[in-house]
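Worksheet for the structure shown next.
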Amino acid sequence: MDRMKKPSILLAVAACLAAGLAHAAPTAQELKTYRQCLVDLRAKAPEAGVTQANYDRYTDGLEPDMDVISFLDAQPEFKTPIWDYMAGLVDAERIDDGRQGLNQWASVLARVEAEYGVDPATVVAVWGVESNFGKNLGGRPLLTSLSTLSCFGRRQSYFRGEFLATLRIIQDEHVSSDRLKGSWAGAFGQTQFMPSTYLRLAVDFDGDGRRDLVDSVPDALASTANFLKRAGWNKALPWGFEVNLPAGMDISTAGRRNKQPMSAWAARGIKRVDGQPLPGGEIPAALLLPAGPEGPAFLVTRNFDALYSYNAAESYALAIAHLSDRLRGGLPFARPWPTDDAGLSRAERKEIQELLVARGYDIGMPDGVIGARTRQALQSVQRELGLPDDGRAGQRTLKALRAQP
3 MDRMKKPSIL LAVAACLAAG LAHAAPTAQE LKTYRQCLVD LRAKAPEAGV TQANYDRYTD
63 GLEPDMDVIS FLDAQPEFKT PIWDYMAGLV DAERIDDGRQ GLNQWASVLA RVEAEYGVDP
123 ATVVAVWGVE SNFGKNLGGR PLLTSLSTLS CFGRRQSYFR GEFLATLRII QDEHVSSDRL
183 KGSWAGAFGQ TQFMPSTYLR LAVDFDGDGR RDLVDSVPDA LASTANFLKR AGWNKALPWG
243 FEVNLPAGMD ISTAGRRNKQ PMSAWAARGI KRVDGQPLPG GEIPAALLLP AGPEGPAFLV
303 TRNFDALYSY NAAESYALAI AHLSDRLRGG LPFARPWPTD DAGLSRAERK EIQELLVARG
363 YDIGMPDGVI GARTRQALQS VQRELGLPDD GRAGQRTLKA LRAQP
């Protein structure tokens with residue numbers, strides 16, 4: 003199965019915010035190590051299909067960006083509950099924008115579905131989560147980020163392959179070097195492909211002779227569908243659906259890898275929340291409990307695994323799956339998340355930042371992205387309001403700030 007190896011979305015967002023900041027200057031030793039590393043990598047260029055003359059041309063003048071090493075080694079300061087994750091990725095704004103995208107690109111998406119067997123809502127959901135429909139492509143030059151990651155930190159071997167793949171993309175003139183900007187780890191384009199994945203699976207769908215995932219929406223949508231098809235997407239299957247569990251059910255067999263026939267789950271008393279019968283036969287499905295037995299429960303098929311392969315996190319795959327359902331007119335999850343302090347949409351996150359600014363906190367321009375300064379301000383205001391000072395942006399703090407602006 004093809005699998006895209008990418009950073010977590012939350013770390014990628016944080017890195018994108020930092021992209022506008024000046025790079026940390028390398029030390030003299032780091033610069034020496036970097037330049038020797040580029041010399042050593044030159045010998046591997048022909049194996050990747052890159053001439054050494056082009057290697058010299060593309061790497062001339064490159065300087066390391068040591069900031070990306072901190073992202074590679076960073077541990078999230080806060081464990082993000084899935085209800086926060088889902089609230090930001092599947093909100094009213096993204097649903098509305100996604101439906102507009104379905105209408106705007108309907109003819110392209112119909113051809114994509116005919117060619118690759120992946121429905122329009124699923125493809126558009128990936129587009130929406132990966133780059134907010136092309137609005138957030140990332141701002142770090144891939145050559146700088148990937149060359150740095152090739153020479154420092156963990157996983158150098160992996161990033162060297164991605165660095166050389168980037169050089170191959172530039173050499174083959176699919177995308178010019180000045181347009182190759184993306185996440186700190188090298189994902190780029192409308193649907194955030196890694197360079198090696200681009201070389202394997204990107205397609206020219208608009209017929210201009212170039213596989214352009216940055217400026218061509220048709221190429222990006224078709225390439226995404228091609229990825230999912232290669233990852234095992236089956237157009238005859240749903241990704242899964244929300245279910246109700248019978249009281250006292252043994253959940254020891256839950257887990258994405260533990261698939262059983264639908265008939266076996268039905269025999270145990272599991273039912274869809276919408277009242278429809280479970281698909282018959284021996285379709286393999288797994289029981290997914292992303293927040294434990296007290297939260298929403300799902301039966302997921304191999305199509306969920308295809309979504310998982312795009313970015314290896316179950317919460318990510320669930321966000322794509324749920325957004326695709328909402329784009330088709332589906333409802334929110336029937337069972338609430340097991341919390342008394344639900345997550346915030348992006349509009350609500352921006353509102354809570356605006357309320358913090360109004361109280362005099364210096365957190366920068368409100369943008370709906372909760373960064374370190376916002377969390378620090380939240381901790382302070384939570385102490386003022388007598389709330390748990392965890393720095394989390396949730397409904398409880400938002401309502402308290404609204405009541406005491």
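In terms of this note's numbering, the sequence shown opens at residue 3 and continues consecutively.
Ideal Cβ placement from N, Cα and C applies to all residues, glycine included.
Determine the direct distance from the alpha carbon of GLY297 to that of THR399, and round the result to whole angstroms. If you draw a straight line from the Cα of THR399 to the Cα of GLY297, it comes to about 22 Å.
Here's the rule I'm using: 16 or more other beta-carbon atoms within 10 Å means buried, otherwise exposed. How should ASP364 be labelled? Exposed, by the Cβ-count rule.
Can you tell me whether PRO83 is helix, strand or coil according to DSSP? Three-state DSSP puts PRO83 in coil, outside helix and strand.
Applying the criterion that 16 or more other CB atoms from any shown protein chain within 10 Å of the CB defines a buried residue, is ASP98 buried or exposed? Its Cβ having fewer than 16 others within 10 Å, ASP98 is exposed.
May I have the straight-line CA-CA distance separating ASN105 from GLU65, to the nearest angstrom? Spanning the two alpha carbons is a distance of roughly 43 Å.
Within a Cβ cutoff of 8 Å, which residues of the same chain sit near THR150, ignoring the five residues on either side of it in sequence? The beta carbon of THR150 sits closer than 8 Å to those of TYR36, PRO66, ASP67, MET68, VAL70 and ILE71, all from its chain and outside the five residues before and after it, given in chain order.
Relative to the C-alpha of ALA127, which candidate in ASP93, ASP343, SER152 and ASP214 has its C-alpha closest? Of the listed residues, the one whose Cα sits closest to ALA127 is ASP93.
Compute the distance between the beta-carbons of SER254 and GLU284, then report whether it is under 8 Å. Result no, Cβ atoms of SER254 and GLU284 do not sit closer than 8 Å.
For PRO281, count neighbouring C-beta atoms within 10 Å of its own C-beta (all shown protein chains included) and say buried if the count is 16 or more, exposed if not. Buried, since its Cβ has 16 or more Cβ neighbours within 10 Å.
Can you give the beta carbon distance from ARG304 to GLY388, rounded, assuming they're within the 8 Å contact cut? Incorrect: roughly 49 Å between the Cβ atoms, too far for contact.
State yes or no: is the beta carbon of TRP85 nearer than 8 Å to at least one beta carbon in chain C? In summary, chain C is missing from the structure at hand, where a single protein chain is found.
What span of residues does the beta strand (DSSP E) with VAL245 cover, start to end? VAL245 -> beta strand (DSSP E) spans 242-246.
Who are the Cβ neighbours of ILE372 in its own chain at under 7 Å, not counting the five residues just before and after it? Apart from the 5 residues on each side of it in sequence, ILE372 sits with its Cβ closer than 7 Å to the Cβ of ARG351 and ALA395 in its chain, given in chain order.
DSSP three-state assignment for LYS231, whether helix, strand or coil: Here LYS231 sits in helix by DSSP.
When the Cβ atoms of the segment 333-341 are set against those of the segment 132-141, are three or more pairs found closer than 8 Å? Contact fails: fewer than three Cβ-Cβ distances are below 8 Å.
Look up TYR237 in the DSSP assignment and say whether it is helix, strand or coil. One detail in the question is off: residue 237 reads as Lys in this sequence, not Tyr. Of the three classes helix, strand and coil, the one that applies to LYS237 here is coil, per DSSP.
GLU95 to LEU40 span [Cα, whole Å]: Taking the CA atoms as reference points, GLU95 sits about 44 Å from LEU40.
Does the Cβ of LYS261 have 16 or more other Cβ atoms within 10 Å, making it buried, or fewer, making it exposed? Buried is the call here.
Please report how far the alpha carbon of ASN236 lies from the alpha carbon of GLN355, in whole angstroms. Going by C-alpha positions, ASN236 is about 42 Å away from GLN355.
Between which two residues does the beta strand (DSSP E) carrying PHE300 extend? Residues 299-302.
Is it buried or exposed for ARG257, if we count other Cβ within 10 angstroms and need 16 for buried? Note that residue 257 is Gly in the sequence shown here, rather than Arg. Result: exposed.
In DSSP terms, what GLN262 is bridged to: In the DSSP output, where bridge partners are listed per residue, GLN262 has ALA287.
Can you say whether LEU403 is buried or exposed, counting buried as having 16 or more other CB atoms within 10 angstroms of its CB? Its Cβ being crowded by 16 or more others within 10 Å, LEU403 is buried.
Contacting residues, own chain, Cβ-Cβ under 8 Å from ASP121 (five flanking each side not counted): Counting only Cβ-Cβ distances below 8 Å, and skipping sequence neighbours, we find GLU115, LYS237 and SER326.
Can at least three beta-carbon pairs, one atom from the segment 267-280 and one from the segment 311-330, be found at a separation below 8 Å? Not touching, per the Cβ criterion.
Rounded to the nearest angstrom, what separates LEU380 and ARG259 at their Cα positions? Straight-line measurement puts the Cα of ARG259 at about 38 Å from the Cα of LEU380.
Do LEU91 and LEU125 come within 8 Å of each other at the CB atom, strictly closer than that value? Before going further, note that residue 125 is Val rather than Leu in the sequence given. The beta carbons of VAL125 and LEU91 sit no closer together than 8 Å.
GLU49: buried (16+ other C-beta within 10 angstroms of its C-beta) or exposed? By the 16-neighbour rule on beta-carbons within 10 angstroms, GLU49 is exposed.
So if DSSP puts LYS352 in a beta bridge, which residue, or which two residues, is it bridged to? Answer by DSSP bridge pairing: none, since LYS352 is not bridged.
Leaving aside the five residues before and after GLY366 along the sequence, list all residues of the same chain whose C-beta is less than 7 Å from its C-beta, in chain order. Closer than 7 Å at the Cβ level, and outside the excluded window around GLY366, lie ARG375.
Which residues in the same chain have their Cβ closer than 7 Å to the Cβ of VAL52, if we skip the five residues on either side of it in sequence? Cβ neighbours of VAL52 beyond the five flanking positions: LEU166, LEU169, ARG170 and GLN173.
Identify, in the order they occur along the chain, each residue of the same chain with its Cβ nearer than 7 Å to the Cβ of ALA360, setting aside the five sequence neighbours on each side. Within the same chain, PRO407 come within 7 Å of ALA360 by CB-CB distance, once the 5 residues on both sides are set aside.
If we call anything under 8 Å between Cβ atoms a contact, is SER185 one with ARG156? Going by beta carbons, SER185 and ARG156 fall outside the 8 Å limit.
For ASP210 and SER218, what's the separation of their Cα atoms in angstroms? Note on geometry: alpha-carbon atoms of ASP210 and SER218 lie some 10 Å from one another.
Cβ-based burial, PRO220 [other Cβ within 10 Å; buried from 16]: The residue in question, PRO220, is buried, as its Cβ has 16 or more Cβ neighbours within 10 Å.
Quick check: the Cα distance between ALA45 and TYR60, rounded to an integer number of angstroms? C-alpha separation (whole angstroms): 15 Å.
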